[in-house]
Amino acid sequence: MEFERHFHDIVSKMPLARDWILSTQSTQWANVFFQDCRWGVMDNNLAESFNRWILATRFVPITSLVDHIRSQIMDMHHQKHEQRAKWHNYLYPRQQRRLQKNHREGRTLSLHVASRTKYEVLDGEERHAIDLSNRICTCKQLQLKMIPCKHACTSIEEKDDTLHSYCDEFFIVKMHQLAYREIINLVPTIEMPSAVFPGQVINIVPPMTAPRTGGPRTRRYTELERSLSEIEHARAIFELTVTQPILDMPELLCKACIDYEYEISGGEYERTRQVYERLLDRIKHLKV
Numbered sequence: 001m002e003f004e005r006h007f008h009d010i011v012s013k014m015p016l017a018r019d020w021i022l023s024t025q026s027t028q029w030a031n032v033f034f035q036d037c038r039w040g041v042m043d044n045n046l047a048e049s050f051n052r053w054i055l056a057t058r059f060v061p062i063t064s065l066v067d068h069i070r071s072q073i074m075d076m077h078h079q080k081h082e083q084r085a086k087w088h089n090y091l092y093p094r095q096q097r098r099l100q101k102n103h104r105e106g107r108t109l110s111l112h113v114a115s116r117t118k119y120e121v122l123d124g125e126e127r128h129a130i131d132l133s134n135r136i137c138t139c140k141q142l143q144l145k146m147i148p149c150k151h152a153c154t155s156i157e158e159k160d161d162t163l164h165s166y167c168d169e170f171f172i173v174k175m176h177q178l179a180y181r182e183i184i185n186l187v188p189t190i191e192m193p194s195a196v197f198p199g200q201v202i203n204i205v206p207p208m209t210a211p212r213t214g215g216p217r218t219r220r221y222t223e224l225e226r227s228l229s230e231i232e233h234a235r236a237i238f239e240l241t242v243t244q245p246i247l248d249m250p251e252l253l254c255k256a257c258i259d260y261e262y263e264i265s266g267g268e269y270e271r272t273r274q275v276y277e278r279l280l281d282r283i284k285h286l287k288v
């Protein structure tokens with residue numbers, strides 16, 4: 001089994017990875033254990049591709065950026081419309097080449113017939129079961145990529161059926177042509193209003209700021225000065241909480257309050273008094 005072969009290859013190079021791989025859910029990352037069709041190709045650099053696509057206008061205002069993206073999508077949509085108009089096969093080119101490759105490889109395989117829809121295909125040392133009525137193959141490629149794998153191609157030929165009838169309609173050229181049949185409408189500036197009525201203009205200005213007085217602080221506060229400042233702050237809070245709960249005045253709570261456990265709730269007068277007295281005790285142990 002291909003999964004086991006790759007698993008043993010990883011463990012032989014990184015023995016410590018064995019327990020971690022076994023602890024993960026294989027259904028989340030191994031195609032062989034997927035129950036349904038999720039994706040045939042996974043790409044992780046979608047954000048990088050999009051950033052490269054809008055590289056020229058990444059730092060312009062948002063309105064200009066949106067209009068640039070619209071123009072690029074319009075150009076891409078038209079290019080795909082013209083490209084798909086030239087396709088004349090039943091499947092679009094990439095899937096047509098994949099189907100032809102699977103068909104060539106399937107000619108070398110042998111099979112056993114169980115019924116009109118169920119077959120057993122021998123692929124070297126591997127043995128795969130195919131159910132054409134439900135479009136299931138034990139190699140999982142038929143369910144994952146929604147196009148006949150080499151085992152299914154052998155079974156379909158034995159059934160004397162067409163390969164295209166087992167391909168998903170998403171890969172049909174006609175569906176791609178329908179997807180790009182419509183156009184993206186233009187946005188000419190000539191149809192936009194040239195001016196607005198008086199009173200509708202809103203001028204957005206930056207907030208007003210005042211320069212700070214004095215130069216930058218060059219001297220650090222001593223421990224005594226910091227304690228005196230803290231006591232003055234505590235005294236103000238203590239006096240205000242006598243007449244008004246502290247929750248009504250959240251602007252009084254500053255960083256110093258948080259640092260010295262001034263989380264006062266519900267106007268707790270007693271706790272405020274204790275904090276105030278504790279700061280007074282600290283000042284007594286300092287030298288002036």
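Counting from 1, position 90 in the sequence shown corresponds to residue 90 in the UniProt record's numbering; the numbering is continuous, with no gaps. We put the beta carbon where it would ideally sit given N, CA and C, even for glycine. This structure is a prediction, so every number in the text was calculated from the model and none was measured.
- Between LEU109 and ASP123, the CB-CB gap stays under 8 Å.
- Counting only the Cα atoms, GLY106 lies some 15 Å from TYR166.
- By the neighbour-count criterion, in which 16 or more other beta carbons inside 10 Å mark a residue as buried, GLN100 falls on the exposed side.
- When secondary structure is reduced to three states using DSSP, ARG97 falls in the helix class.
- For the options ILE156, LEU144 and LYS145, the alpha carbon positioned closest to that of ASP131 is the one of ILE156.
- Closest option to HIS68, judged by alpha-carbon separation, among GLN79, SER12, TRP53 and LYS80: TRP53.
- By the Cβ-count criterion, ASN102 is buried, with 16 or more other Cβ atoms from all chains shown falling within 10 Å of its own Cβ.
- Within the same chain, Cβ atoms closer than 6 Å to the Cβ of ARG18 are found at VAL11, the five residues on either side in sequence being excluded.
- Per DSSP, ARG127 is one residue of the beta strand (DSSP E) stretching across 126-131.
- In this structure, ALA129 sits near THR138, with a CB-CB distance shorter than 8 Å.
- Per DSSP, the beta-bridge partners of HIS112 are GLU120.
- Of PHE33, PRO211 and VAL187, the smallest CA-CA separation from SER64 is found for VAL187.
- Straight across, the Cα-Cα distance linking VAL205 with LYS80 is about 44 Å.
- No residue range can be given for LEU91, since it is assigned to no alpha helix (DSSP H) and is classified by DSSP as neither H nor E.
- MET14 and LEU46 have their C-alpha atoms some 30 Å from each other.
- Selection GLN28, TRP87, PHE3 and MET76 evaluated against ILE172 yields TRP87 as nearest (Cα-Cα).
- Boundaries of the alpha helix (DSSP H) harbouring VAL11: 2-13, taken from the DSSP string.
- Residue pairing for ILE136: DSSP places it in a beta bridge opposite ASP131.
- In the DSSP assignment, GLN79 falls within the unbroken alpha helix (DSSP H) covering 62-85.
- When the five nearest sequence neighbours on each side are left out, the beta carbons in the same chain lying within less than 7 Å of the beta carbon of VAL121 are those of LEU109, LEU111, HIS128, ILE130, HIS151, THR154 and SER155, in order along the chain.
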